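Colleague: First, the structure itself, so that you have it in front of you.
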Amino acid sequence: MIRLTSTAQAQILEDRIPPLAVLRMAQFEGTDGLYDPERHGHIVVLEPGDDVEKDFPEAGPGGLLSGPEEVLFDYVFAYREGESAVYEAVIQIDDDRTLTLIIPDAPWLHTGLRLQLEALAEIA
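Next up, the structure:
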C-alpha cells in the first residue's frame, strides 16, 4: 500500500499510481497550507500483496471487508482509466479524518472486496 500525505509525494510516484490518486491528493491538500494528514486523513493506493483484512486497522476489525449487514464505505465511485477501472472508496474515520482508498480493479484485487465495490459503486 502507498499512503499519500502530500501532493509532492503523489507527483513523485505518478508513474506507479493511478492518475486519480494524484488528482485527489492535490484536491485533498489544497493550497491553503492547512492540510495535516494526521488530523484530516490521507489517501491510500492499494497494491498487490496488501492484506485487506489486516493492513487497515483504522477501518475496523475486519479491515476493508465488511460483514453482510454492515456497509463500511461512505461512498464508492468507479472511474475508467484507459482500459481498466479504478475505484475510489471513502471511509469517514471520525469528525475530521477520512481514509480515501484508490483501488485499481486488477486481477490481484481481493474477490470479496471487489464484490463490495461493485455493489456500492456509482459510475463517475
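The opening position of the sequence shown corresponds to residue 652 in the working numbering, with each subsequent residue numbered one higher. All C-beta atoms, glycine included, are put in the ideal place defined by N, C-alpha and C. Source: prediction; values computed, not measured.
1) Out of curiosity, what's the CA-to-CA distance linking Q662 and Q743?
2) Could you spell out the range, first to last residue, of the beta strand (DSSP E) harbouring V695?
3) Pull up the distance between the alpha-carbon of E689 and that of R748, whole angstroms please.
4) Would you call M652 buried or exposed, if buried means 16 or more other Cβ atoms sit within 10 Å of its Cβ?
5) What alpha helix (DSSP H) runs, 4 residues minimum, are completely inside the region 655-700?
6) Count the other CB atoms, across all protein chains shown, that sit within 10 Å of the CB of G700; report buried if there are 16 or more and exposed otherwise.
Modeller: So, to answer that:
1) Using only the alpha carbons, I get a separation of about 25 angstroms.
2) Bounds of the beta strand (DSSP E) holding V695 are G692 to V696.
3) Taking the straight line from one Cα to the other gives about 8 angstroms.
4) Exposed, by the Cβ-count rule.
5) You should have 658-663, 670-680 and 688-691.
6) Exposed, since its Cβ has fewer than 16 Cβ neighbours within 10 Å.
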